[in-house]
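> Just add 78 to wherever you are in the sequence shown, counting from 1, and you've got the numbering used here. We treat Cβ as the ideally placed atom computed from N, Cα and C, and that holds for glycine. Note that the coordinates shown come from a computational prediction; the quantities given were computed from them, not determined experimentally. Questions regarding the structure given below will be posed in turn.
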Amino acid sequence: MKPLVLFDFDGTLADTAPDLAAAANQQRIRRGQAPLPYENLRPMASHGARGLLGVALEMTPESPGYEAARQQFLDDYAANIAVHTTLFAGVEDLLAALGGKGWSWGIVTNKVTRFTTPLVRHLSLEARSAVVVCGDTTPYSKPHPEPLLHAARLAGAEPGQCLYVGDDQRDIIAGKAAGMKTIATAYGYCGQGTPVAQWGADAIAASVEDILPAINRLLAA
79 MKPLVLFDFD GTLADTAPDL AAAANQQRIR RGQAPLPYEN LRPMASHGAR
129 GLLGVALEMT PESPGYEAAR QQFLDDYAAN IAVHTTLFAG VEDLLAALGG
179 KGWSWGIVTN KVTRFTTPLV RHLSLEARSA VVVCGDTTPY SKPHPEPLLH
229 AARLAGAEPG QCLYVGDDQR DIIAGKAAGM KTIATAYGYC GQGTPVAQWG
279 ADAIAASVED ILPAINRLLA A
């Protein structure tokens, strides 16, 4: 049976951090505050509004005015969603290599459809992917395994045929709970929590170029 390779989106396939950081800094500018350095915001790019507003405005969901700030952040991001976002270097070659082997690949992200669809189209991924599951496609989001299991069902694959590749610990938790082999991408955003080596992934890719060899090793094991 041919494998199905499923990817997280932000920090794994696409470098979305520049546009996310810009939207977060826009919230500071709206309040008369100086923008933060990009390096301060990049690690939170996989953590959505909660993580980015936590750094940019030191707000939590319990903070007064958080929901209004969150909605403004999302609107600002939607208005400028693909200004600087690109695929990571090497991703096009990786996807071409998977296609050359006759293997299918897809995307499973916690990013909601409102933001995922325009970016997937902008990056010319939609027609090539076997499946795209967004954060609001099912009632659950990662680290729950259901989005991954839903992707496998849509693609006609058994979980044991699938590999999941992601840059966040919740990606690895979800993949393992779904019965899939997992690869952690250490070049991604990775946050500021548990070190990647402690996530329990079946393999770690320090670069995009490491992903295909890792897949081959896991399939041969």
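On the three-pair Cβ rule with 8 Å, is the stretch 81 to 99 touching the stretch 115 to 129?
Yes, they touch.
> Taking only the alpha-carbon atoms, compute the straight-line gap between asparagine 188 and glutamate 224 and give it to the nearest angstrom.
Answer to the nearest angstrom: the Cα atoms are 12 Å apart.
> Determine the burial state of arginine 120: buried for a count of at least 16 other Cβ atoms within 10 Å of its Cβ, exposed for fewer.
So arginine 120 ends up on the buried side.
> Looking at the strands, I want to know which residues DSSP matches up with leucine 165.
Note: leucine 165 sits in a beta bridge opposite Ala92.
> CB-CB under 8 Å to tyrosine 218, same chain, minus the five flanking residues each way: which ones, in chain order?
Closer than 8 Å at the Cβ level, and outside the excluded window around tyrosine 218, lie Glu224, Pro225.
> When we look at the beta-carbon of alanine 205 and count the other beta-carbons within 10 Å, is it buried (16 or more) or exposed?
It counts as exposed.
> Check whether the stretch 134 to 143 touches the stretch 158 to 172, taking contact to mean three or more Cβ pairs, one atom from each stretch, closer than 8 Å.
Result no; under three Cβ-Cβ pairs closer than 8 Å.
> Only counting the same chain, and skipping five residues up and downstream in sequence, which positions put a Cβ closer than 6 Å to that of aspartate 246?
Contacts found: Ser124.
> Taking only the alpha-carbon atoms, compute the straight-line gap between threonine 191 and threonine 215 and give it to the nearest angstrom.
Each residue's alpha carbon lies about 8 Å from the other.
> Could you tell me which of Val209, Val186, Ile107 sits nearest to phenylalanine 151, measuring between CA atoms?
Ranking the options by Cα distance to phenylalanine 151, first place goes to Ile107.
> Tell me whether the stretch 140 to 154 and the stretch 248 to 259 touch, counting them as touching only if at least three CB pairs, one residue from each stretch, are closer than 8 Å.
Contact between the stretch 140 to 154 and the stretch 248 to 259 is absent, because fewer than three Cβ pairs lie under 8 Å.
> What does the alpha-carbon distance come out to for the pair alanine 275 and valine 186?
C-alpha separation (whole angstroms): 22 Å.
> What is the rounded straight-line gap between the Cα of lysine 179 and the Cα of tyrosine 116?
So the alpha carbons of these two residues sit roughly 38 Å apart.
> With leucine 241 as the anchor, note down where its beta strand (DSSP E) starts and where it stops.
Where leucine 241 is concerned, the enclosing beta strand (DSSP E) stretches over 240 to 244.
> For glutamine 104, which residues in the same chain have their Cβ closer than 6 Å to its Cβ, ignoring the five residues on either side in sequence?
Here the set comprises Asp154.
> Could you check the C-alpha separation between alanine 302 and leucine 290 for me, to the nearest Å?
No information on residue 302 is available, as it lies outside the stretch 79 to 299 that the chain covers here.
> Taking just the CA atoms, how far does isoleucine 250 sit from alanine 279?
Between alanine 279 and isoleucine 250, the C-alpha separation is close to 6 Å.
> DSSP state of threonine 195, grouped into three classes?
Helix, per DSSP.
> With a cut-off of 8 Å on the beta carbons, I'd call alanine 252 and lysine 220 a contact; round off their distance for me.
Alanine 252 to lysine 220, Cβ: 4 Å. Contact.
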